[in-house]
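A.B. asks:
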Amino acid sequence: MKLNLSICLITKNEVANIERCLASIEKIAQEIVVIDTGSTDQTKR
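Count along the sequence shown from 1, add 33, and you get the number used in our numbering.
(1) Starting from S39, trace the beta strand (DSSP E) both ways and give me its first and last residue.
(2) Please report the residue range of the alpha helix (DSSP H) in which A62 lies.
(3) What is the DSSP secondary structure of E47, counted as helix, strand or coil?
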């Protein structure tokens, strides 16, 4: 069940964690906003 919830993630160089993080919240939030603060790894993909 998705809640009337928006989640904002502020990231930098989190390629090792971003997929697991998004998977854990995608079923509960109506909106997910990811802000990348200058990653030099593959986080932006």
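Ideal Cβ placement from N, Cα and C applies to all residues, glycine included. Predicted model, so just to flag it, every value in this text is computed and none were measured.
C.D. replies: So, from the listed chains and residues:
(1) 36 to 44
(2) Counting along the chain, A62 falls outside any alpha helix (DSSP H), though it belongs to the beta strand (DSSP E) covering 62 to 69.
(3) coil
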